[in-house]
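Last residue of the sequence shown: number 899 in my numbering, and the count goes up by one each step with no gaps.
Every residue, glycine too, gets a C-beta built ideally from N, C-alpha and C.
Report on one structure; see the data block that follows.
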Amino acid sequence: MEASKLILVRHAKSDWDLVVPDIDRPLASRGRRQAPHTGTWLAEQAFDVDLVALSPALRAQETWRLIATQWDMPAPVRTCEELYTFSGASLKRAIAGIAEAGSVLVVGHNPALEDLATQLTGQAVRMVTSAVAVIEYASSDRWLNDGTLQFCGRPGE
């Protein structure tokens, strides 16, 4: 059996407008420049992804659209309300609930992504905007605390 991967992507840099509800905040111009670099890097890695799961937040949706301009990846894309969370424990439950697929890419938010990656790998993981963490599982017992951190960083840096 091929190793499963959990690929965590933090949304690109978002705009801060106190009048706009958090879920509706768009990407900032810097974020619109960051996300395609992430897409190029993901395409170069040629990951075999079975499902892309997105937070419903506008900045996560926009991040994925810009990534997809650089990465022609045929996996189904699903927006999951449960991924709009800032809790690592809630994110883990949400992923476990949608992760019938072998390898999953999630576009979401901090501090949930950092907390989850740290919990799953036992390593301190820091995810700046547009960062990627790739966690590999050798067995079918994925999404437990036995993942191996293969990569963590912001592509293009």
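Annotation: the stretch 759-825 contains the following complete segments of the alpha helix (DSSP H) (minimum length 4 residues), in chain order: 771-787 and 800-810. Taking S829 as reference, the option from E823, E804, T821 and H851 with the minimal CA-CA separation is H851. By a beta-carbon distance limit of 8 Å, G781 does not contact L825. Their separation comes to about 19 Å. The straight-line gap separating the alpha-carbon atoms of D888 and Q861 is approximately 9 Å. In the three-state scheme derived from DSSP, where H, G and I count as helix and E and B as strand, S832 is classed as helix. In this structure, the beta-carbon distance from E878 to V867 does not fall below 8 Å.
In the structure shown, the three-state DSSP call for A745 is coil. In the three-state scheme derived from DSSP, where H, G and I count as helix and E and B as strand, Q865 is classed as coil. Between V791 and A817 a beta carbon distance of about 5 Å is seen, short of the 8 Å cut, so the two are scored as contacting.
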